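Enquirer: Let me begin by handing over the structure; questions about it come next.
Number of protein chains: 2
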Amino acid sequence: MTTPNLLNETHDPKLTSWVSSANIEHSDFPIQNLPFASFKRKGSSEEFRVGVAIGEQIVDLKALHALGLFTDDAQDALAACCKAQLNDFMAMGKRYWSALRLALSQALAQGSSMQADITSCLVAQSDVEYALPCQIGDYTDFYTSIHHATSVGSKFRPDNPLLPNYKWVPIGYHGRASSIEVSGRDFKRPKGQTKAPTATEPSFGPCKRLDYELEVGIFIGKGNDLGAPISIDDADDHVFGVCLFNDWSARDIQGWEYQPLGPFLSKSFASTISPWIVTSEALAPFREQWTREASDPQPLPYLESSHNRALGALNMQLQVLLETAAMRDAKQAPVQLSQSNFKDSYWTIAQMVAHHTVNGCNLRAGDMFGSGTQSGPNPEEAGSLLELSNAGAEPITLPNGETRTFLVDGDCVIMKAWCQKPGAVRIGFGEVNATVLAAD
Amino acid sequence: MTTPNLLNETHDPKLTSWVSSANIEHSDFPIQNLPFASFKRKGSSEEFRVGVAIGEQIVDLKALHALGLFTDDAQDALAACCKAQLNDFMAMGKRYWSALRLALSQALAQGSSMQADITSCLVAQSDVEYALPCQIGDYTDFYTSIHHATSVGSKFRPDNPLLPNYKWVPIGYHGRASSIEVSGRDFKRPKGQTKAPTATEPSFGPCKRLDYELEVGIFIGKGNDLGAPISIDDADDHVFGVCLFNDWSARDIQGWEYQPLGPFLSKSFASTISPWIVTSEALAPFREQWTREASDPQPLPYLESSHNRALGALNMQLQVLLETAAMRDAKQAPVQLSQSNFKDSYWTIAQMVAHHTVNGCNLRAGDMFGSGTQSGPNPEEAGSLLELSNAGAEPITLPNGETRTFLVDGDCVIMKAWCQKPGAVRIGFGEVNATVLAAD
């Protein structure tokens, strides 16, 4: 078996752009990235529209379409992007995604004859606000980090932290789509029922154990019909791209409500995604071999493929930062709470797609998966405060002397991500941030 | 405290319609009902559009709007109904729902001067096919029958069937919206991972314990903003109406997958709703006092109101019937498996709305709640085969000699519902049906 080559001229590390800010080292948005978002000028009465990031600029795709510079599939793809959201374009499938990426890459490359025309379609990222990049019909949250599952499980079942199904089933559950918002939308601390272990009755009030969860958001492009599963070999063709995702969690509400049907109000008060969807094609250079330890069960056939073995893992570095109100007042930079890598996930994106649809469930363009909290193998790689503070028993101390078990009002949680490896140009995901406001 | 009078002239039991089939005793759709659906002529290239049932006919609301017979709020409401689905109308709120109901009631009443004009807008129900009445943004499944929860719980925990949170929390979980279809859409038996209790490893194959769940579907009309809970006293204003709902369940897949995050693929292969949404206003005569036994915990304040006490329960009779392939071949009528009543629910619709939003979660027009399986206090009132067959241990025998523990291929499950009481005209919900097809 040979590893399929997913790379093409758009990944060429030698490519640079006539948009000079795209060529700065450590730019999140070099010409090899070209992620999609929905944007408008801040505070304007403009309609939200779809754009592609290049350096510190955005190419307004509606304006670009109007210029009529592109042809064939690329121009058809642009036509589908003349909307407030990406769903129509996402539904077109890989052929059109690739055609538009190639056309954009050529048009934005150093020396392009289109530079003068396209310059008129650029909007500075510093001038815009974002909306959700697509309508999310259904959101499913997976639980793919075995390190997170083990760590959380050990707090409840020290002798048997992992449930017997974990190594066989890519565990997931349906999440709430309506409360997913884009980065920057602050939210009020939720209220709800909680019951302290020693209390005889529950009480009602603001959540006392508010947490973040560091997740990867995965967007479905082309869907499938009800009753027609997507095989693991076809799964890649259905995945449009990836973003950052903070699945805020009310741990005390969760503890009281979640038996027997799973988390509900502990999750549905707010979830926040980064504005930019980095496409599957942009991520191709960072795919890696996926392995399953010989001592672990090997996947059932519907979750197994040579392609998934060869390229199923995604080397995507994840980072959580915290900015407290005190730090903001003192103009101190946010501090890092943890880093982890999505390649340590126990299940791959293709396995999530194949599992989700194996019962016949239909996915639709714009549906989102959460990866589940991505904690790495080491304790300092934990993707939630629940883990970092040992369920609140061991407060963490911040550089300015503040301590945290869970989040306090005014805390802003910031997540960042990037992919880098020798021989490829680093690409970034921008960031997702939101601040906890006091409960009413 | 006096019980608020929710009745008006549209509920008058003396009203009859010039559509004569609406006046037949036991018609599901007398003039006091006036439910909404999305329909088109069977097999035609027409677009789906919104209609209101009257007897055996449907009033095509787009055609009615074009006539310009109505005025003010009622005509504005009709304008919002000139779509394939009801979401825009649902979002308008009670004032417009009521205005349209009153105008339709007057226009369809015996002696109306509009009879000749509106006759041109009628389409026979026997000639049409249905689509989902609205786009369901999010679907939440509750678990409001304490009889079902106790019965199911007793199979796993004989000494402690009800979990400690049940009497405090209206338990619910996020469901899959994409796989909800309208009555008549048959579906393939799902495949998935299961593990027999005695097996050391899971296996993959068609579900062996396929079940139905008898539920009430509840549609949100006017939504709420994220962070702005709906109080229990305001809840009624946000509920557009009710339908029948079969939440098909793969019990063996569920048993293996559901820990710790709840049901997932065991539910998302198919869910089926009846085409007609019976409005909250049509249901007003059948609302009843809601009580909580003194020996049980009384609701926390956010789930308590005098209005909910006075009128929170809904006297809605529910019925499940089965038609096997053999019965169909022999032209035998479907047989009843059970009957139960939604008034036996432990939690009310208003409590579901208040609970769902108390954490700030936003509901949107068209969102649907499932009530959870509605089993009554007596064993023969069980709303699933899991209960009727004692988890498969005690097969039930059908009148033609066939037996069932769970569903076999070719089984058609039919659910019906109606409201009736002395002094009011009976209204019905039509039916929801679908047939289990063999797995691929």
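Going line by line, the protein sequences match chains A and B. When we follow our numbering, the leftmost residue of the first sequence carries the number 27, and every step to the right adds one. When we follow our numbering, the leftmost residue of the second sequence carries the number 27, and every step to the right adds one. We treat Cβ as the ideally placed atom computed from N, Cα and C, and that holds for glycine. Note that the coordinates shown come from a computational prediction; the quantities given were computed from them, not determined experimentally.
1. Could you pull the start and end residues of the alpha helix (DSSP H) that A:Glu283 belongs to?
2. Residues of chain A with CB under 9 Å from B:Pro301, in chain order?
3. Among the candidates B:Gly288, B:Ala417, B:Asn250, whose CA atom is the shortest distance from the CA of B:Gly119?
4. Closer than 9 Å by beta-carbon distance: list the chain A residues that pair up with B:Cys438, in chain order.
5. What residues of chain A sit near B:Asp99, judged by a beta carbon separation below 9 Å?
6. Cβ closer than 7 Å: which chain A residues qualify as neighbours of B:Ile203?
7. Short of 7 Å in beta carbon distance, which residues of its chain neighbour B:Phe96, apart from the five on each side in sequence? Order them along the chain.
8. Assuming contact is defined by CB atoms lying nearer than 8 Å, are A:Tyr165 and A:Gly409 in contact in what I supplied?
9. Assign B:Tyr474 to one of three DSSP states: helix, strand, or coil.
10. When the cut-off is 8 Å and only beta carbons count, does A:Ile422 lie next to chain B?
11. Quick check on DSSP: helix, strand or coil for A:Ala92?
12. Would a check of beta-carbon distances place B:Tyr199 closer than 8 Å to chain A?
13. Under a CB-based cut-off of 8 Å, is B:Leu189 close to chain A?
14. Any residues in the segment 381 to 397 of chain B with a beta carbon nearer than 8 Å to a beta carbon of chain A? Which ones, in chain order?
15. Report, in whole angstroms, the separation of the C-beta atoms of A:Asn272 and A:Tyr238, which I expect to be a contact under 8 Å.
16. Once DSSP output is grouped into helix, strand and coil, what is the label at B:Met27?
17. Going along the chain, which residues of its own chain have a beta-carbon closer than 7 Å to the beta-carbon of A:Ala175, five neighbours each way excluded?
18. Could you tell me the alpha carbon to alpha carbon distance between A:Asp167 and A:Ile258, rounded to whole angstroms?
19. Pairing CB atoms from the segment 99 to 116 of chain B with CB atoms from the segment 64 to 74 of chain B, are three or more of them under 8 Å?
20. Establish whether the CB of A:Val195 and some CB of chain B are separated by less than 8 Å.
21. Considering Cα atoms alone, identify which of B:Ala460, B:Val346, B:Gln446 is closest to B:Glu51.
22. From the DSSP output, in three-state form, read off B:His52 for me.
23. Starting from the beta carbon of A:Pro228, find every residue of chain D whose beta carbon is closer than 8 Å, and list them in chain order.
24. Along the segment 272 to 289 of chain B, what residues have a CB closer than 9 Å to any CB found in chain A?
25. What does DSSP give as the partner residues of B:Ala135 in its beta bridges?
26. Considering only residues of the segment 278 to 321 of chain A, which uninterrupted alpha helix (DSSP H) runs meet the minimum length of 4 residues and lie entirely inside it, listed in chain order?
27. Could you tell me the distance, in whole angstroms, from the CA atom of B:Arg75 to the CA atom of B:Leu93?
28. Output the distance between the C-alpha atoms of B:Cys108 and B:Ala89, rounded to the nearest integer angstrom.
29. Does the Cβ of A:Leu412 have 16 or more other Cβ atoms within 10 Å, making it buried, or fewer, making it exposed?
30. On the premise that A:Phe55 lies in contact with A:Gly81, defined as a C-beta separation below 8 Å, what is that separation, rounded to the nearest angstrom?
31. Is B:Tyr156 close to chain A? Criterion is C-beta to C-beta, closer than 8 Å.
32. Do the CB positions of B:Glu44 and B:Leu134 come within less than 8 Å of each other?
33. Have a look at B:Ala360 and B:Pro289 and give me their C-alpha separation to the nearest angstrom.
34. Going by other Cβ atoms of all chains shown within 10 Å of its Cβ, with 16 needed for buried, is A:Phe368 buried or exposed?
35. Verify whether the separation of the beta carbon atoms of A:Pro39 and A:Val451 is less than 8 Å.
36. Is A:Lys217 close to chain B, meaning its C-beta is less than 8 Å from at least one C-beta of that chain?
Expert: Result, derived from the coordinates:
1. 277 to 283
2. Simply none; closest approach about 18 Å.
3. B:Asn250
4. Per Cβ cutoff of 9 Å: no residues; B:Cys438 is ~17 Å from chain A at best.
5. Chain A residues near B:Asp99: none, gap ~27 Å exceeds 9 Å.
6. As written in the sequence, residue 203 of chain B is Ala, which differs from the Ile given in the question. In chain order: Gly163, Asp164.
7. Leu104, Ala129
8. No, Cβ-Cβ distance for A:Tyr165 and A:Gly409 is not below 8 Å.
9. For chain B, the structure presents residues 27 to 466; residue 474 of chain B sits outside this window and is missing.
10. no
11. helix
12. yes
13. yes
14. Of all residues in the segment 381 to 397 of chain B, only His381, His382, Val384, Asn385, Gly386, Cys387, Asn388, Leu389, Arg390, Asp393 come within less than 8 Å of chain A when Cβ atoms are compared, listed by chain position.
15. 5 Å
16. Unreliable placement is indicated for B:Met27, whose pLDDT of 46 sits below 50; no coordinate value is reported for it.
17. Scanning its chain for C-beta atoms nearer than 7 Å, with the 5 sequence neighbours on each side dropped, one finds around A:Ala175 the residues Tyr169, Leu188, Tyr192, in chain order.
18. 19 Å
19. The segment 99 to 116 of chain B vs the segment 64 to 74 of chain B: in contact.
20. With its beta carbon less than 8 Å from one in chain B, A:Val195 belongs to the interface.
21. Considering only B:Ala460, B:Val346, B:Gln446, the residue with the shortest C-alpha distance to B:Glu51 is B:Gln446.
22. coil
23. Chain labels in this structure do not include chain D; the protein chains are A and B.
24. Ala276, Ile279, Trp282, Glu283, Tyr284, Gln285, Pro286, Leu287, Gly288, Pro289
25. B:Ser43
26. 306 to 309
27. 16 Å
28. If I take the Cα positions, the gap works out to 8 Å.
29. buried
30. 6 Å
31. It does not; no Cβ of chain A falls within 8 Å.
32. Note on residue identity: the sequence assigns Trp, not Glu, to residue 44 of chain B. Contact: yes.
33. A quick correction: the sequence has Pro, not Ala, at residue 360 of chain B. If you draw a straight line from the Cα of B:Pro360 to the Cα of B:Pro289, it is about 30 Å long.
34. buried
35. The answer is yes: Cβ separation under 8 Å.
36. Interface annotation, A:Lys217: in contact with chain B, CB-CB separation under 8 Å.
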